[in-house]
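Undergrad:
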Amino acid sequence: TRTPVNVTVTGAAGQIGYALLFRIASGHLLGADVPVKLRLLEIPQGLKAAEGTAMELDDCAFPLLQGIEITDDPNVGFDGANVALLVGARPRTKGMERGDLLSANGGIFKPQGKAINDNAADDIKVLVVGNPANTNALIAQAAAPDVPAERFTAMTRLDHNRALSQLAKKTGAPVSDIKRLTIWGNHSATQYPDIFHAEIAGKNAAEVVGDEQWLADTFIPTVAKRGAAIIEARGASSAASAANAAIDHVHTWVNGTAAGDWTSMGIPSDGSYGVPEGLISSFPVTCKDGKYEIVQGLDVNEFSRARIDASVQELKEERDAVRELGLI
Ligand code: NAX
């Protein structure tokens, strides 16, 4: 029998946590033959609700679930962690400036990064979901100097999946026919969903669509503002789709991308495509044997260049702000 994989979820009592934990425990994160142990990390006010969720997890009698531990101590929460999903974050509230938001999140992600550094397993893989995800990932990474930098990633898979779905709707093609779509930049309204290299049943997606106006005026803003549209419609932010994307992100990272396809992940830049080294930005990546690689050699046209640069500029500003706050 395989040794269980330790999966830590922060913000476990929140709405994404509620949609996420049951799928991890049922084998969707790592595979149908991989046993898991769950660690739920919450703040003291969230512990009771996390215990309630743990009771429901028990009641599912998942064959793969070999234990659940609940804690408000990051050192305990990340002890021996192989996979960490950092979901809990401080949301932006009315009237909050960017500096306030970044410093409130620094107070969460800096100590969590340190606790990962000091306690996690050697093969730790980290996905940051809590917003601002890219910069929170940068803060956690900076606090974990003993962990290889590339193990810290930020989630843009929900944006990727949203883009796939919008493109499928527009063209009438099934989602499964669409390959090689890319989200570039920040998980924010400046993100750039790029279809110029995408293929629909083997044909170039931009040519199949044949309508740059639709790209600029409908597709890109619909994908970038989808989170706000969900809040408007549902009265609460995306939860099940966000949890699904977190599952996809880790599953792809661990189990690999399909031949001929790639995915989008927020990862530390190595300088590729003019993105300054060290920024955690979304790129097209392939995954194999638990490692990812940026897809190289793509030709970036003028339309794409301007949009990638604008999103990267925002990431630089966020990085400079957290640097000034002493968070990295
Ligand atoms: P909720 O407010 O429902 O849950 C957050 C949970 O985190 C709460 O239970 C809270 O007690 C806990 N928490 C707060 N600080 C903590 C800490 N220091 N340690 C451990 N737990 C802590 O939010 P939810 O809807 O679940 O969303 C969670 C985060 O995901 C938010 O930051 C949200 O903005 C972000 N999202 C990111 C997305 C992405 O694509 N990257 C999409 C969905 C979502 O908006």
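Numbering-wise, the UniProt record's numbering puts 320 at position 319 of the sequence shown, and it's gapless, one number per residue. Cβ atoms here follow ideal geometry from the backbone N, Cα and C, with glycine treated the same way.
Is ASN83 closer than 7 Å to residue 334 when the C-beta atoms are compared?
TA: Summary: the structure shown does not reach residue 334, with the chain confined to residues 2 through 329, and so no result is reported for it.
Undergrad: Under 8 Å: do the stretch 205 to 220 and the stretch 234 to 241 share three or more Cβ pairs, one atom per stretch?
TA: Taking 8 Å as the limit for Cβ pairs, the verdict is that the stretch 234 to 241 does not touch the stretch 205 to 220.
Undergrad: Is there contact between the stretch 11 to 26 and the stretch 88 to 96, where contact requires at least three CB pairs shorter than 8 Å?
TA: Yes: the two stretches touch, three or more of their Cβ pairs being nearer than 8 Å.
Undergrad: Considering only their Cβ atoms, is the gap separating VAL127 from ARG158 smaller than 7 Å?
TA: Here residue 158 is taken as the residue at index 157 of the sequence shown, counted from 1. Here residue 127 is taken as the residue at index 126 of the sequence shown, counted from 1. Going by C-beta atoms, ARG158 is not nearer than 7 Å to VAL127.
Undergrad: Looking only at DSSP bridge pairs, what is ASP195 linked to?
TA: In the sequence shown, residue 195 corresponds to position 194, counting from 1. BP columns for ASP195 point to THR183.
Undergrad: According to the neighbour-count rule (16 or more other Cβ atoms, all chains shown, within 10 Å of its Cβ), is MET56 buried or exposed?
TA: Sequence index remark: in the sequence shown, residue 56 carries index 55 (1-based). MET56 is exposed by the Cβ-count criterion.
Undergrad: Taking three-plus beta-carbon pairs below 8 Å as touching, is the stretch 14 to 26 in contact with the stretch 238 to 252?
TA: At 8 Å Cβ cutoff, the stretches touch.
Undergrad: Could you give the C-beta distance for LEU316 and ASN187, rounded to a whole number, given that I count them as a contact under 8 Å?
TA: Position 315 of the sequence shown, counted from the start, is the residue given in the question as residue 316. Position 186 of the sequence shown, counted from the start, is the residue given in the question as residue 187. Indeed, because the Cβ distance is near 5 Å, the residues count as touching under 8 Å.
Undergrad: Mind checking who MET97 pairs with in its DSSP beta bridge?
TA: Within the sequence shown, the letter at position 96 stands for residue 97. In DSSP, MET97 forms no bridge with anything.
Undergrad: Between ALA141 and VAL129, which are expected to be in contact by the criterion C-beta below 8 Å, what is the C-beta distance as a whole number of angstroms?
TA: Sequence index remark: in the sequence shown, residue 141 carries index 140 (1-based). Sequence index remark: in the sequence shown, residue 129 carries index 128 (1-based). Contact flag correct, Cβ pair sits at about 7 Å.
Undergrad: Kindly indicate which three-state DSSP category GLU43 falls into: helix, strand or coil?
TA: As a first step, residue 43 is located in the sequence shown; it is residue number 42 there, counting from the start. DSSP places GLU43 in coil when its eight states are reduced to three.
Undergrad: Within this structure, are the beta carbons of GLY107 and ALA145 separated by less than 7 Å?
TA: Here residue 107 refers to the residue found at position 106 when the sequence shown is read from its first residue. Here residue 145 refers to the residue found at position 144 when the sequence shown is read from its first residue. Result no, Cβ atoms of GLY107 and ALA145 do not sit closer than 7 Å.
Undergrad: Tell me which residues share the same chain as ASP80 and place their Cβ nearer than 6 Å to its Cβ, disregarding the 5 neighbours each side in the sequence.
TA: Locating residue 80 in the sequence shown gives position 79, where the first residue counts as 1. Excluding residues within five positions, the ones whose Cβ falls inside 6 Å are ASN120.
Undergrad: Sort VAL37, ASP178, ALA174 and LYS226 by Cα distance to PRO194 and report the nearest one.
TA: Here residue 194 refers to the residue found at position 193 of the sequence shown. Selected option, being the one with the closest Cα: LYS226.
Undergrad: By Cβ distance, which residues of its chain are closer than 8 Å to HIS29, with the 5 residues on each side in sequence left out?
TA: Translated into positions along the sequence shown, residue 29 becomes position 28. Around HIS29: ILE248 and HIS252.
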